Structures are given as structure tokens and as C-alpha cells.
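As C-alpha cells, the structure follows; a few thoughts come after it.
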Amino acid sequence: MAIEPRHFLWAVEHRVATITLNRPERKNPLTFEAYRELANTFWALRDDSGVRAVVLTGAGGNFSSGGDVHEIIGPLVEMADEEEEEKLLAFTRLTGELVQAMRACPQPIIAAVDGICAGAGAILAMASDLRIGTPASRIAFLFVRVGLSGADMGACAMLPRIIGHGRASELLFTGRFMSADEAERWGFYNRVVESGRLLSEATALATSLAQGPTLAHAATKRALHEEWDMGIDDAIEYEARVQAELMESEDFARAYRAFVARETPAFEGD
């Protein structure tokens, strides 16, 4: 799939796509156009067999400071003054669509987080499947600091499932920054590494996933998402059907043949 973004950097190597938010002079804030382009990219990845894992990161030692104060927040205030409710709702739906696209994207997404990760930037990290941070990283869901609710882009649904209800409530009510140590202890980060190793660690993890069974990873990601609303009996039945389908895949047969031959399976995603 040919992607030529204008609002972030895009690179693919060894079936790993790296998306780099690239406005380092402003700590990589998002614009209206960036939201749309990111959402479109993640939607498009559903049909891209050449990409098996994604790394999402920021340039210049920061992940993202969130929505651009001048290019987003200022215009939103003007819309409110002019009572343009439809435009405000169109924007909030667009930001939510980005999270929906990330969750619908079958490839595992790894957020590599350094420096500031705030507002919508924190949401992008939250919506990823795995998160690697650095000691210098600081995360804040700071919507309340600008007079908005913590219920933004799915935060009230997703964050409690990652770090627990009480901890999520504290962050969403106060808008305070969460340190890297807290983020790791609370389960937001899968691991914390030194800044100089961040991208290489994230890429190595993504590459290992890209070498794995693509269909199985996609099914796992989908199940983790779908089973949020299920009771245990429904979840067991759902997983039984998913696993039975995967047992018909060629990758499953490859793994068996490799085991018998005492070889490492070469998964092809079929």
C-alpha cells in the first residue's frame, strides 16, 4: 500500500511500519489534518498485507503534546462563540474515529513514548496495544485543565481497563502528569528503557511480532477488543469459534510441521 502522508513520517522495513509524529519544534502537536490523515492511515492498514506491526512514536525527544493550541483549540473556541455545534461535534467524532481506526487496525501497534505525552497524545498511547516508555516520559490526560471532561476519545472506557478504575479516575479528574515509574507500576507501560534505546526496543518488539502468525495476532487483538462487553460464557464461546477457525489456517499446519521437524516455523499469514 502506498502511503504518502503530509502530517507525519512513514517508513516500512521488515514488514514493520513506523509512524513518526514530526513537529518537534512544538512537541509534535496534532492538527485537524493530522487527525484525519492518521485515521485514514489506520483504516487503510486493514487491507495492507505488507505491514504486520506498527510503531507509533514522536520526533525530537517527545511523543506528542496533544491538540495544537493555536491550530485546534483556538478555532474550537471560536466555533463555540459562534454556536457552531455541528462543527464541534464533527471534530470530537473525528478524534474518536482515530481511536476506532487504531482498534480496528489488525496489526499490533506499539507506542514508543519519550518526553511529553499529553492530551490527545496520551490517548494515542492508550489506544495502542503495547507501550514502551523512557524515564523522561510524562503522561497526562489533561482535558480537565482546559475545562473539558476526562471523557475524551474513549478514555473513560479504555484507561480503567489498562490501569484500574481508581487510578484512571485520579488521572482523568486531576489532569496531572503520570511519571514513567508510575506508568510502569500501574501497567500502562509494558516496559521502560533508556531514551537512546527506545526506538530500537520498540522496533525489535514489532519485528518479532511481524515474524509471528499474522492471522492469530489479528484475532487476538480483535478478541481483546470485542470481549470487553461479554460475559465469561459468551467470551468462551467466542474464543472457541475463533480458535477453531484458526485451526484451519495454513500457519497452524506450518507450526505443526516445524515442531515435528524441530525447526522454527516461518509464518506467512494464511
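Position one of the sequence shown corresponds to residue 7 (our numbering), numbered consecutively onward. A virtual CB, placed ideally from N, CA and C, is assigned to each residue, including glycine. Note that the coordinates shown come from a computational prediction; the quantities given were computed from them, not determined experimentally.
Could you tell me whether any Cβ in chain B is nearer than 8 Å to the Cβ of residue 111?
Among the protein chains of the structure shown there is no chain B, as only one such chain exists.
What does DSSP give as the partner residue(s) for residue 70 in the beta ladder?
Within the DSSP bridge table, the entry for residue 70 names 123 as partners.
In angstroms, rounded to a whole number, what distance separates the CA positions of residue 146 and residue 140?
15 Å
Cβ contact check for the stretch 98 to 110 and the stretch 15 to 22: 3 or more pairs under 8 Å:
no
Whole angstroms are fine: how far does the CA of residue 62 sit from the CA of residue 132?
Each residue's Cα considered, the two are about 11 Å apart.
Which listed residue (191, 116, 253 and 96) has its alpha carbon closest to that of residue 25:
116
Using the Cα positions of residue 33 and residue 44, report the straight-line distance between them to the nearest angstrom.
It is roughly 17 Å from the alpha-carbon of residue 33 to the alpha-carbon of residue 44.
Select from 86, 228 and 204 the residue whose C-alpha is nearest the C-alpha of residue 249.
228
Can you look up residue 214 in the DSSP assignment and give me helix, strand or coil?
helix
Pick helix, strand or coil for residue 83, following the three-state DSSP scheme.
Correct three-state label for residue 83: helix.
Going by DSSP, name the residue or residues bridged to residue 16.
25
Tell me the rounded alpha-carbon separation between residue 159 and residue 92.
17 Å
Nearest candidate by alpha-carbon position, reference residue 144, set 128, 157, 135 and 153:
128
Could you check how far apart the C-beta atoms of residue 202 and residue 121 are, in whole angstroms? I think they sit under 8 Å.
13 Å between Cβ atoms; not a contact.
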